[in-house]
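Here's the structure we're looking at; comments come further down.
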Ligand SMILES: Cc1cc2nc3c(=O)[nH]c(=O)nc-3n(C[C@H](O)[C@H](O)[C@H](O)COP(=O)(O)OP(=O)(O)OC[C@H]3O[C@@H](n4cnc5c(N)ncnc54)[C@H](O)[C@@H]3O)c2cc1C
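Numbering (UniProt numbering), first residue to last: 1 to 386.
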């Protein structure tokens, strides 16, 4: 079968694009290497602007039904004892990727997207003028265009020979679910030398703990009682949290070489959405909202291209301009904040400043996320399959 579009990767951006395009009546193939449902490495904190996106995608009711945990406040601390508390501009949510990605994948299936998991894409050839062939561990597929939604780092980046993959990145991250403490409706971010750690409650009542650090922390001795590199326990609040928590996940999930480098919006004529086009630092807690938003930006242009209302050049130009306009500043601010928060003196100065001038902290929280979106203008009602 020749698909109108093939989305590679069924995370936030791939599922969102597939659902929106299926609602417009297109034949979509969604390919995912993992076998769903699956736990994924993530802070599992959903920023306030996702609500409209979830409503547009038709999963908002289910998100609340499974008990996504409402989060109203942020609490930042440093290893020298500075702290800052702030209300969030609106309600954020704590929801595991295990639930969320499955929910989106199932929603895509309901809308007649051909969803195939447990299938790794191993190569892509072709172009926007002649169409694409996608090779996978389960055979070959063809489509008029390809959406690259394969996340921050994939073996496919290497196969495609993308520039960013050649450059080593020192950032590593770990995540796991814990019990034993109650942090209520707060997203906690604790800085420590060379990294930071986020804690937030998810739908199960467990605490998702996710930390990112320079790889040099792995050379440190592991803290005897807490089972973590010593740097983390240098933040007194974090040390106290770990001292009272018990791990629920059988083991921690880890990932190395997390890159915040600039990437291409189009590569070999593949339209990159989500982290494949550029990843915001986890400190901002906005990567999932951005992935959903990137799909919203891409879909109307994909539709115009498929309807031959715009040519390949206009498609590429318009998408790149819209993407850069929406995300470029946020990505830069995210990199600056990340670099400050991993260095104790700068983290301390920044958090102390926010403590003294709360308006500054509130501005930073606002500036690293998008504006809440309205329901999409795309005329789903007239084209919808359901
Ligand atoms: C440590 C850390 C903490 C974070 N915490 C948060 C947070 O709290 N809140 C937030 O909003 N964001 C957070 N993020 C960012 C967020 O996880 C991402 O921005 C978001 O998941 C991007 O969505 P995506 O669709 O681009 O990619 P993903 O959600 O990563 O989806 C990509 C999918 O592609 C699949 N795939 C990859 N290669 C192939 C292949 N060859 N063939 C088939 N399938 C393939 C993968 O299995 C995956 O399912 C965090 C990131 C990190 C690293």
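The beta-carbon is built from N, C-alpha and C at its ideal position, and this holds for glycine as well. Fair warning: this is a prediction, and the values are worked out from it, not measured in the lab.
Could you tell me if residue 2 is buried or exposed, where buried requires 16 or more neighbouring beta carbons within 10 angstroms of its beta carbon? exposed
Same chain, Cβ closer than 6 Å to residue 254, five either side skipped, listed in chain order: 174
Range covered by the alpha helix (DSSP H) that runs through residue 188: Residue 188 -> not in any alpha helix (DSSP H); beta strand (DSSP E) instead, spanning 186-192.
Can you tell me whether residue 35 is buried or exposed? The criterion is at least 16 other CB atoms within 10 Å of its CB, across all chains shown. Using a 10 angstroms sphere on the CB of residue 35, the tally of other CB atoms stays under 16, which defines it as exposed.
Under a three-way DSSP split, which group does residue 7 fall into? strand
Quick one: is residue 323 buried, meaning 16 or more other Cβ sit within 10 Å of its Cβ, or exposed? Per the 10 Å Cβ criterion, buried.
Can you give me the C-alpha to C-alpha distance between residue 46 and residue 129, rounded to a whole angstrom? 38 Å
What is the residue span of the beta strand (DSSP E) that residue 175 lies within? It spans 171-179 - the beta strand (DSSP E) in which residue 175 sits, taken as one unbroken run.
Cβ shell of residue 328 (< 7 Å), same chain only, five flanking positions each side left out: none
Give the DSSP-derived three-state secondary structure of residue 260 in the structure shown. coil
For residue 397, which residues does DSSP report across the bridge? This structure cannot speak to residue 397, because the chain is shown only from 1 to 386.
For ligand 1, is there any heavy atom lying closer than 7 Å to the beta carbon of residue 288? yes
Cβ pair residue 319, residue 265 closer than 8 Å: Result yes, Cβ atoms of residue 319 and residue 265 sit closer than 8 Å.
Apart from the five residues on each side of it in sequence, which residues of its chain come closer than 7 Å, Cβ to Cβ, to residue 382? Note that residue 382 scores 35 on pLDDT, short of 50, meaning its location in the model is unreliable; the coordinates nonetheless yield the value given after this. Contacts found: none.
Between residue 95 and the rest of its own chain, which residues show a CB-CB distance below 8 Å, the 5 nearest in sequence each way excluded? 44, 46, 63, 66, 68, 69, 202, 203
Helix, strand or coil at residue 357 [DSSP, three-state]: Note: residue 357 maps to coil in three-state DSSP.
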